[in-house]
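Residues 3 to 736 in this note's numbering are what the sequence shown lists, from first letter to last.
Cβ atoms here follow ideal geometry from the backbone N, Cα and C, with glycine treated the same way.
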Amino acid sequence: MVLPLQAGDTVTRPTMWQISHIGEVVFYYLAALTIAVLIWGVYRRFDRYAQGDEDWFERMDDLGGRIREATKIVFTNEKQFDRDLYGGLMHSFILWGFLTLLIGTTILAIDMDVLEKGGKLLTGQSFSIFNGDFYLSYSLVMDFMGLLFVVGIGMALYRRYVVRNERLWGPNSSLEDHLFIWSLFLLGVGGFVTEAIRILGTSATRDVSFETVSFVGWFLKDVFAAAGMTPAMATAAYPLAWWSHAIIAFVFIAAIPYAKPFHMISSFANVVTRDEKAGKRLPGIPADLDADTGAESMDSFSWKEILDQDACTKCGRCTSVCPANASGRNLSPRDVILDLKNYREHVDKGGDEKDIVADSDDAVIQAETMESCMACMACMDACPVEIEHLKTFTRLNRQLTDEGEIQPSLQDVFQNVMQKGNTFGNSQRSRGDWTEDLEFDVADAREEDVEFLWYVGDYPSFDDRNKQVAKSLAKLFQEADVDFGILYDDEVYDANDIRRVGEEFLFVEQAATMVENFQDVHFEKIVCTDPHSFNTFKNEYPEVDFAEFADDPMMDFDIEDDEWDPDAGIYHWTQAVEELVDRGKLGLRGNELDYTVTYHDPCHLGRYNDEYAAPRDLIRATGCDLHEMPRNRDDSFCCGGGGGGLWMEIEEEEKPSEERLREALEDTEAGNAVEKFVVACPMCMTMYEDGRKTGDFEDDIEIVDVAELLVEAVEHDGVSAGATAGGESAPADD
């Protein structure tokens, strides 16, 4: 007979129902043991981080602000939603549901162990908040969020086992991945099953109608009853269900520091300690030539790099957006991080050591893998836990360079830079020869003060195709009546890409030479043709402590100041010219050209420095009809030239430039009506002109720089913009 709920009866649920006093003692013993194992494991993890090189305090400034920002990033799941709505919803349901269940369990423990047992021990009277409206609200929230949690786990199981998303399966897929997802599933479903059996069992002795707020448990109770389970059977089955659920929870909690669940801690720590300029500025090295600057052993790695390894969740987002991987090169950013983690754990357990990176089948990471990286930062942009792949990759590249395990073509570039000051190996005296075709003189900034000190760069100075871009930009400056000049043969290679392939000392020497030459002239702004130079001057030169290297006999420079910290602003040319267009300096009306075009975001201008608007504004200022490719702005796909890719000989199924041109012609809204593929980077120009030939796109699309479009628009408007590429004035339209 079911007793109705009487006035004054408590709306609550029994805790430890059907569990004996001995069972309670065992439960608390197991709980204490679980917590001890958890704490010890977490301590061992963080003790391992403390062995890594790097100053902790560099990443602990404004700790409160870091924690607040990390909390926002983690709780909003903003990185998970990027490019993947399904994945974002799935992870949000799991995260929010798990945290709610954790908080709910903590509230129950406080009520049961502190208020009830503690109150009775101290005052002789127990207290409880776990009743009435609080209990009803608690039950409703827990069931709702628990259901979201189970739905999220179901979505994860569907994606892994039914869709079989390929980025979830790979050489680093392991048994713990399966145990992790299934243990979460059993925790979520087991909680509801236990709740349903309790409701059915207690219905024999009391009115449980108020338990309808536990709508999932109530539904399952009805299912069990319809299947023939009686209250007596439920009462008998409850201890088994309760202990099963408790033991699974204990095992899961105890395993957190030792397996994949640790990412719940390490990922948050990784987001807190992230460097917002990671990738766009690489870590420096000590001036000591004997210092370990590469990856001789796992002891070479910093604590943050080790934390990166532990924070990796194997989601594969980095690999899925990697242009090197997409083109068939031997690079998976995820697997590099995980291979290093697995090797570190192997060595920490007393395993044999071997080369971390080398041109050897026995090495942890193959040299070919590192040669494949384009330093585009797509992996870092996609990573939901802020892993700084490029920092680790740079360490590996430095090791290869230190060991001389680099391609001959790359060695030739190093030699050219050391002997000639540029990557082409041409005489520095010819650096400014491209100006001779212009109808006006380009000022020598060494001899007169200028507003714009224009860093032209290697490719616009020496490469025939990119010389046309340099001439176009010079015409724009001349037309806008800008006081500009260049350094001629005192301009040397900025060293961005040789730094990214591991030649750090040569980078420092080139940077010091360039900074010396900058300090010898007077200007208001530095304007760069190349986004690579722009990034290096803006983000990397200021981080170099030149004084540390000044006494090195291998270095030859004498900088007045210890650091590069110019008062002048540093601009990519599109930013500077956008301001000129806004001021009406080029006389554009916005209807001069009627081409249908698409635009490619250079990695060093877009992802590195968040400049997406200026090039687009300039394209639209010419009147062109701009259509975006599906992968644009921070989702842009690298041309393949970065990270030394321009100089490498690498086998690939399809060049990234070919894939990108095909995307422009097939996947934009305008389709094959796109006439011009617009770039704003000399390296992109080189790679796409090559891809246009090798991909047989020569009759389909033209590669142009934004500057060339602007000059054509100015000349179309009847305004003289100096000489054309061949040195003749362009006729004005009637």
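According to the DSSP assignment, Leu-398 belongs to no beta strand (DSSP E) but to the alpha helix (DSSP H) extending over 391-404. Shown here, Ile-572 sits in a strand according to DSSP, grouped into three states. For Val-706, the enclosing beta strand (DSSP E) has its first and last residue at 704-707.
Under DSSP, Gln-421 forms no beta bridge with any residue. DSSP places Ile-488 inside the beta strand (DSSP E), whose first and last residues are 486-488. Short of 7 Å from the beta carbon of Glu-373, and not among the five residues preceding or following it, lie these beta carbons of its own chain, in chain order: Gln-409, Met-650 and Ile-652. Rounded to whole angstroms, the Cβ separation of Gly-134 and Val-13 is 5 Å, and the two are in contact under 8 Å.
Just so you know, the alpha carbons of Phe-426 and Phe-536 end up roughly 20 Å apart.
With 16 or more other CB atoms across the displayed protein chains lying within 10 angstroms of its CB, Val-713 is buried. Three or more Cβ pairs closer than 8 Å define a contact, and the stretch 114-133 falls short of that threshold against the stretch 169-178. Cβ neighbours of Phe-83 within its own chain (closer than 7 Å, five residues either side excluded): Gly-90. In the three-state DSSP reduction, Lys-527 falls in the strand class (E or B). DSSP, read as helix, strand or coil, puts Trp-98 in helix.
Contact between Leu-150 and Phe-95 holds, with the beta-carbon distance rounding to 4 Å and staying under 8 Å.
The residues Met-685, Cys-686, Thr-688 and Met-689, in chain order, have a CB closer than 7 Å to that of Gly-643 in the same chain once the five nearest residues on each side in sequence are set aside. The beta carbon of Thr-437 lies closer than 6 Å to those of Val-444 in the same chain, with the five residues before and after it left out. Ile-652 carries a coil assignment under DSSP once its states are collapsed to helix, strand and coil.
By the Cβ rule, the stretch 477-494 does not count as touching the stretch 361-377, because fewer than three pairs are nearer than 8 Å. Here Asp-451 is exposed. Its C-beta has fewer than 16 other C-beta atoms within 10 Å. When only Cα atoms are considered, Val-599 and His-629 end up about 6 Å apart.
Taking the CA atoms as reference points, Trp-575 sits about 22 Å from Glu-704. Annotation for Arg-61: Thr-275 place their beta carbon closer than 6 Å to its own, counting only its chain and skipping 5 residues before and after. In the structure shown, Lys-587 adopts coil according to DSSP, grouped into three states. DSSP places Asp-179 in the helix class (H, G or I) of the three-state scheme.
Here the alpha carbon of Gly-504 sits roughly 6 Å from the alpha carbon of Thr-396.
Residue pairing from DSSP places Gln-368 in a beta bridge opposite Ala-360. For Leu-628, the secondary structure class from DSSP, reduced to helix, strand or coil, is strand.
Only buried fits Gln-470, as 16 or more other CB atoms lie within 10 angstroms of its CB.
For Arg-283, the three-state secondary structure derived from DSSP is strand.
Going by C-alpha positions, Arg-346 is about 13 Å away from Asp-310. Ile-69 counts as exposed, since fewer than 16 other C-beta atoms from the protein chains shown sit within 10 angstroms of its C-beta. Pro-288 sits exposed, since fewer than 16 C-beta atoms from the chains shown fall within 10 Å of its C-beta.
Taken atom to atom, the span from the alpha-carbon of Leu-402 to that of Asp-612 is near 31 Å. Phe-454 sits buried, since 16 or more C-beta atoms from the chains shown fall within 10 Å of its C-beta. In this structure Arg-618 is buried. Its beta-carbon is surrounded by 16 or more other beta-carbon atoms within 10 angstroms.
The C-alpha of Ile-258 lies about 26 Å from the C-alpha of Asp-277.
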